[in-house]
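Undergrad: My questions all concern the structure below.
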Amino acid sequence: MTQLKQRLVQLEVLRYDPEKDTEPHFQKYEVMCPEEWVVLDALNAVKETIDPTLAYRWSCHMAVCGSCGMMVNGEPKLSCHAFLRDYVGMVIRVEPLANFPIERDLVTVADDFIDKLKRVKPYLIPKDPKPIEQGEYKQTPAQLMKYRQFSMCINCMLCYAACPEYALQPKFIGPAAITLAHRYNQDSRDGGRDERQEVIATNEGVWECSFVGACSEVCPKAVDPAGALQQVKVASTIDWFKEHLLPGGSK
Amino acid sequence: MSRKPFVRPVSKTGWWLKHPRYMRYMSREVTCVFIGAFALLMLCTLERLSKGPEAYASFIAAIQGPLSVLGLLLVLIFAVHNATSWFNVTPKALPVQIGEEFLAGKYIIGAHYAVWIVASLVVLLLAGVI
Numbered sequence: 001m002t003q004l005k006q007r008l009v010q011l012e013v014l015r016y017d018p019e020k021d022t023e024p025h026f027q028k029y030e031v032m033c034p035e036e037w038v039v040l041d042a043l044n045a046v047k048e049t050i051d052p053t054l055a056y057r058w059s060c061h062m063a064v065c066g067s068c069g070m071m072v073n074g075e076p077k078l079s080c081h082a083f084l085r086d087y088v089g090m091v092i093r094v095e096p097l098a099n100f101p102i103e104r105d106l107v108t109v110a111d112d113f114i115d116k117l118k119r120v121k122p123y124l125i126p127k128d129p130k131p132i133e134q135g136e137y138k139q140t141p142a143q144l145m146k147y148r149q150f151s152m153c154i155n156c157m158l159c160y161a162a163c164p165e166y167a168l169q170p171k172f173i174g175p176a177a178i179t180l181a182h183r184y185n186q187d188s189r190d191g192g193r194d195e196r197q198e199v200i201a202t203n204e205g206v207w208e209c210s211f212v213g214a215c216s217e218v219c220p221k222a223v224d225p226a227g228a229l230q231q232v233k234v235a236s237t238i239d240w241f242k243e244h245l246l247p248g249g250s251k
Numbered sequence: 001m002s003r004k005p006f007v008r009p010v011s012k013t014g015w016w017l018k019h020p021r022y023m024r025y026m027s028r029e030v031t032c033v034f035i036g037a038f039a040l041l042m043l044c045t046l047e048r049l050s051k052g053p054e055a056y057a058s059f060i061a062a063i064q065g066p067l068s069v070l071g072l073l074l075v076l077i078f079a080v081h082n083a084t085s086w087f088n089v090t091p092k093a094l095p096v097q098i099g100e101e102f103l104a105g106k107y108i109i110g111a112h113y114a115v116w117i118v119a120s121l122v123v124l125l126l127a128g129v130i
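Quick mapping for you: the protein sequence lines, in order, are chains A and B. Each residue of the first sequence is one higher than the last, beginning at 1 in the numbering used here. Each residue of the second sequence is one higher than the last, beginning at 1 in the numbering used here.
See the structure below:
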């Protein structure tokens, strides 16, 4: 087997120990890494060979589980998807995802996002419920394509870390949760839109978004949350006009 | 084990300087100041027009100095930036699904530019410029 080419990688990692520290501080590490590695591999090498106290989340190492989101040189990234070859000649600065409280080192508190996700009911609420004996809810390929892109979200929260609206107004339900609400609203089998609109067509919901577009730029799965939010705005505006201008108009 | 999550401070005024994409966003948002100023100028012009041809002519003469022209040029640049930056993101808000495919964004953007050009030509025609 050929030996992979090795390179000395310099990392600056934000550390925070809630039992000792009053605020986070950067710690430098130097570790030999093969060219092909990603930032997550470098962190694993640090943990295995230099500092076993370093805390961070990860699981799949293949951009599917959404656990290893971190700020890499100021940019929200999946650390399993941030290749060392893109940072040659740079000190790689790794911080916990922005806009979330730091639990310890690179681990953030995700409770706020999880609560918001629950509030938008991101699951199928059948339009015409039927017993299981009557078979599956069928859908055409065109009906699937209407929401497929939005179903690719892996809940990695990079979009929240990129969103300045969420940073300034933490009540904002935010990109991923609203996008997932939109995903189910767009589903031909679903009948839960009215319930979700009560949560997302509000000031804390989609109207807090001023279309910075950063969410879509950082999304590792090309979900385009910014697109979903603008589509929710258009649909909610049409609702309003129907309700207020059409004779006998009520939702 | 005790929990003591650390909340990093967020600058309420300097956040947009932290990343080029936030600066791009602010450059789009700041256009509203210039467009608002131009709308005010239009209102003043209308008010002068209602006072008769002489009042109107003297007002128009007063805003033809080099500083005014420079200001109006700035307004034009910001108005064009406002229009183009919004046109370029319209496919996100208005996706057009045809069967299992989505219409490419360039056609949706292109349609906006086409309507813009036609509307501008109509205005210029009505104003007797062309």
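Even glycine gets a Cβ: it sits at the ideal position worked out from N, Cα and C.
Can you give, in chain order, each stretch of the beta strand (DSSP E) that sits fully within the segment 2–43 of chain A and has at least 3 residues?
TA: Those beta strand (DSSP E) runs which fall completely within the segment 2–43 of chain A and span 3+ residues are 6–15, 25–34.
Undergrad: Report yes or no: do the segment 188–201 of chain A and the segment 120–138 of chain A share at least 3 C-beta pairs separated by less than 8 angstroms?
TA: Verdict: yes, contact present.
Undergrad: Near residue 63 of chain A, which residues of its chain fall below 7 angstroms by C-beta distance, leaving aside the five closest residues on each side in sequence?
TA: By 1-based counting over the first sequence, the position of residue 63 of chain A is 63. Same-chain partners within the cutoff: 78, 80, 81, 220.
Undergrad: With DSSP as the reference, please indicate the residues paired to residue 69 of chain A in a beta bridge.
TA: Position 69 of the first sequence holds residue 69 of chain A. Answer by DSSP bridge pairing, in chain order: A:78.
Undergrad: In angstroms, rounded to a whole number, what distance separates the CA positions of residue 116 of chain A and residue 245 of chain A?
TA: Reading the first sequence from its first residue, position 116 is the one you call residue 116 of chain A. Reading the first sequence from its first residue, position 245 is the one you call residue 245 of chain A. One C-alpha to the other measures close to 32 angstroms.
Undergrad: According to DSSP, is residue 251 of chain A helix, strand or coil?
TA: Counting from 1 along the first sequence, the entry for residue 251 of chain A is found at position 251. With a pLDDT of 49 at residue 251 of chain A, under the threshold of 50, the modelled position of that residue is not reliable, and no figure is offered here.
Undergrad: Which residue from A:43, A:33, A:189, A:15 puts its Cα closest to that of residue 137 of chain A?
TA: Along the first sequence, one-based indexing puts residue 137 of chain A at 137. Of the candidates A:43, A:33, A:189, A:15, the one whose C-alpha sits nearest the C-alpha of residue 137 of chain A is A:189.
Undergrad: Determine, for residue 33 of chain B, whether the minimum Cβ-Cβ distance to residues of chain A falls below 8 angstroms.
TA: If you number the second sequence from 1, residue 33 of chain B lands on position 33. False, the Cβ-Cβ gap to chain A never drops below 8 angstroms.
Undergrad: Specify the secondary structure class of residue 80 of chain B as computed by DSSP and reduced to three states.
TA: Numbered from 1 along the second sequence, position 80 holds the residue referred to as residue 80 of chain B. Reduced to three states, the DSSP call for residue 80 of chain B is helix.
Undergrad: Answer with yes or no whether the minimum CB distance from residue 81 of chain B to chain A is below 8 angstroms.
TA: Along the second sequence, read from residue 1 onward, the residue named residue 81 of chain B stands at position 81. So, not an interface residue.
Undergrad: Rounded to whole angstroms, what's the CA-CA distance from residue 116 of chain B to residue 75 of chain A? Just pull it up for me.
TA: What you label residue 116 of chain B is simply residue 116 of the second sequence in a count that begins at 1. What you label residue 75 of chain A is simply residue 75 of the first sequence in a count that begins at 1. Straight-line Cα distance between these residues: approximately 36 angstroms.
Undergrad: Going by DSSP, what residues sit across from residue 83 of chain A in a beta bridge?
TA: Position 83 of the first sequence, counting from 1, holds the residue named residue 83 of chain A. BP columns for residue 83 of chain A point to A:38.
Undergrad: Which class does residue 172 of chain A belong to by DSSP, given the choice of helix, strand or coil?
TA: Along the first sequence, read from residue 1 onward, the residue named residue 172 of chain A stands at position 172. It is coil, neither helix nor strand.
Undergrad: What residue range is occupied by the uninterrupted alpha helix (DSSP H) comprising residue 225 of chain A?
TA: As a working note, residue 225 of chain A is residue 225 in the first sequence. Unbroken alpha helix (DSSP H) run through residue 225 of chain A: 225–245.
Undergrad: According to DSSP, is residue 45 of chain B part of a helix, a strand, or is it coil?
TA: Within the second sequence, numbered from 1, the residue matching residue 45 of chain B stands at position 45. Helix.
Undergrad: Can you look up residue 139 of chain A in the DSSP assignment and give me helix, strand or coil?
TA: Stepping through the first sequence from its first residue, residue 139 of chain A is reached at position 139. Correct three-state label for residue 139 of chain A: coil.
Undergrad: Is DSSP giving residue 91 of chain B helix, strand or coil here?
TA: Residue 91 of chain B sits at position 91 when you count from the first residue of the second sequence. Three-state DSSP puts residue 91 of chain B in a helix.
Undergrad: Which word fits residue 197 of chain A, buried or exposed, when buried means at least 16 other C-beta atoms lie within 10 angstroms of its C-beta?
TA: Counting from 1 along the first sequence, the entry for residue 197 of chain A is found at position 197. Per the 10 Å Cβ criterion, buried.
Undergrad: Please name the residue, chosen from A:146, A:59, A:88, that lies closest to residue 73 of chain A on a Cα-to-Cα basis.
TA: The residue you call residue 73 of chain A lines up with position 73 of the first sequence. Nearest of A:146, A:59, A:88 to residue 73 of chain A, Cα basis: A:88.
Undergrad: Flag this pair as yes or no: are the beta carbons of residue 147 of chain A and residue 187 of chain A separated by less than 8 angstroms?
TA: Along the first sequence, read from residue 1 onward, the residue named residue 147 of chain A stands at position 147. Along the first sequence, read from residue 1 onward, the residue named residue 187 of chain A stands at position 187. Cβ atoms of residue 147 of chain A and residue 187 of chain A: closer than 8 angstroms.
Undergrad: Would you list the residues sitting across from residue 92 of chain A in a DSSP beta bridge?
TA: Residue mapping note: residue 92 of chain A aligns to position 92 of the first sequence, counting from 1. A:11, per the DSSP bridge assignment.
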